[in-house]
Amino acid sequence: RNLKWQIECRADIGRLSAPFLAIYESLIPAEEEKAKQKKLLTLLEKLVCKEWPDARLYLYGSCANSFGVSKSDIDVCLAINDSEINKSEVLLKLADILQSDNLQNVQALTRARVPIVKLMDPVTGISCDICINNLLAVVNTKLLRDYAQIDVRLQQLAFIVKHWAKSRGVNVTYQGTLSSYAYVLMCIHFLQQRRPAILPCLQGMEKTYSVTVDDIECAYFDQVDKLHGFGSRNKESIARLVWAFFNYWAYGHDYASNVISVRTGSTISKQEKDWTRRIGNDRHLICIEDPFEVTHDLGRVVDKFSIKVLREEFERAAEIMQHDPNPCVKLFEPY
Ligand code: GTP
Ligand code: MG
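Sequential numbering of the sequence shown, starting at -8, is according to this note's numbering.
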């Protein structure tokens, strides 16, 4: 283990919170944007119901999980309660319907890992991806949204980390870096680990919400209004948390042996998950367990080149947070 993990935080960390909070505030979407998203969803519901009267539309991803910054695209899931459907056929049919209603840039991507229809609504200017029966994503969206209710520092940290990852080009899964979803899980795990803890482990508590999706039982404590103030014994400022987050991923995390797990509120060993060697394309060079699909490593996209890029970016960020007089500028510098 690198000794830098033991380093003491710079003494002037306190004065750095204001600029980080200013960045966070500037990324929060305006109410007006939310209204436009609702409007588009209503339009889509109307169109979909004509063809599939029993179908339902759900928002998922960053437009619904509280981690969406301003001007994001929206992710929609079309739920059709029929196991016999052919997804490609449905997507092509859906694309047809949308096209006839003057939605723009309509495209059915039937061969993608997650098949979708893409579209742009000329009235609101919002772009949208629609997938079919991806209900696990709807449920993990709820989990993230519920965590966000507990302590505002999660949303602040996640906005800053996502903004950093986009600025530095390390939020591109097809290039072997991590998804936004993975970064948010890293933030939740990190705040579960602080002492005193800033976030609880909702899946380790009494189960007040439970659904079974694709044979996976998704259950956890979702009465998060009862957890308000959970993290208040921990007084760490946002600047200190940003510092510690990057310090952890640069020097503290044991990449060789550990898996981060929001489900257990802890780290577990790669050995235990049998994630110690490469199987097919899954190399497990950085391991982030999906909270519900526990066989799913969100770090699976990372390869031997991109792991180097990622770790160098974590180290760069940690150095800036420790030494730079004005870290908010350098940290988000375009790569
Ligand atoms: P931005 O669009 O970058 O703001 O973030 P996002 O939260 O929409 O993230 P992303 O586009 O990476 O993913 C959209 C949603 O799909 C996530 O919020 C998850 O609900 C879901 N998702 C993404 N990747 C995975 C995955 O590998 N497994 C599962 N189960 N769900 C995923
Ligand atoms: Mg998205």
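The beta carbon of each residue, even a glycine, is placed where N, CA and C say it ideally should be.
Non-local beta-carbon contacts of Leu126 in its own chain, meaning distances under 6 Å to residues more than five positions away in sequence, involve Val204 in chain order.
If you draw a 10 Å sphere on the C-beta of Cys122, you find 16 or more other C-beta atoms in it, and that means buried. With a threshold of 6 Å, the Cβ atom of Ser53 counts as near the ligand MG, since some heavy atom of the ligand is closer than that. Not one heavy atom of the ligand MG is found less than 6 Å from the C-beta of Asp112. Bounds of the alpha helix (DSSP H) holding Ala149 are 143 to 158.
Thr258 carries a strand assignment under DSSP once its states are collapsed to helix, strand and coil. The C-beta distance from Asp273 to Arg291 rounds to 5 Å, short enough to meet the 8 Å contact threshold. Under the 10 Å beta carbon count, Lys29 is surrounded by fewer than 16 other beta carbons and is classified as exposed.
Burial check for Val39: the Cβ neighbour count within 10 Å reaches 16 or more, so the residue is buried. Here Pro44 is exposed: its Cβ has fewer than 16 other Cβ atoms, across all protein chains shown, within 10 Å. In the DSSP assignment, the residues bridged to Thr203 are Glu208.
In this structure, Tyr49 has its beta carbon at no less than 6 Å from each heavy atom of the ligand GTP. Contact check for Lys264 and Leu276: beta-carbon distance about 14 Å, past the 8 Å limit, so the pair fails to qualify. Between Val60 and Leu12, the CB-CB gap reaches or exceeds 7 Å.
Inclusion of Lys109 and Asp120 in the CB contact set at 7 Å is warranted, their separation being smaller than that value.
Inclusion of Tyr138 and Ala156 in the CB contact set at 7 Å is not warranted, their separation being larger than that value. Distances taken from the Cβ of Thr203 to the heavy atoms of the ligand GTP include none shorter than 6 Å. The continuous beta strand (DSSP E) containing Asp66 extends over residues 65 to 70. For Asn162, same chain residues with a beta-carbon under 8 Å away, outside a window of 5 residues either side, are Lys153, Ala156, Thr168, Leu169, Ser170, Ser171, Tyr174 in chain order. Distance between Ile251 and Leu31, taken at the CA atoms: about 37 Å. Per DSSP, reduced to three states, the secondary structure at Asp87 is helical. Burial state of Glu24 is buried, judged by a 10 Å Cβ sphere holding 16 or more other Cβ atoms. Taking C-beta atoms as the reference points, Leu89 and Val97 count as a pair closer than 7 Å. At least 7 Å separates the beta-carbon of Ile229 from that of Gln140. Residue pairing for Asp281: DSSP places it in no beta bridge. Taking the Cα of Ala103 as reference, the smallest distance to any Cα among Pro20, Thr115, Ser79, Arg47 is reached at Ser79.
The ligand GTP has a heavy atom closer than 6 Å to the beta-carbon of Glu284. Of the candidates Phe283, Tyr242, Gln262, Arg1, Tyr242 places its Cα closest to the Cα of Arg302.
Residue environment: Gln183 is assigned as buried (16 or more neighbouring CB atoms within 10 Å of its CB, all protein chains considered).
The ligand MG approaches Asp66 closely enough that one of its heavy atoms is under 6 Å from the residue's Cβ. Residue pairing by DSSP places Lys109 opposite Gln98, Asp120 in a beta bridge. Close CB contacts of Asn72 within its chain, under the 7 Å cut and outside five residues either way in sequence, are with Asp45 (chain order).
CA-CA distance, Ser53 to Ile151, rounds to 14 Å. By the neighbour-count definition (other C-beta atoms within 10 Å, threshold 16), Trp266 is a buried residue.
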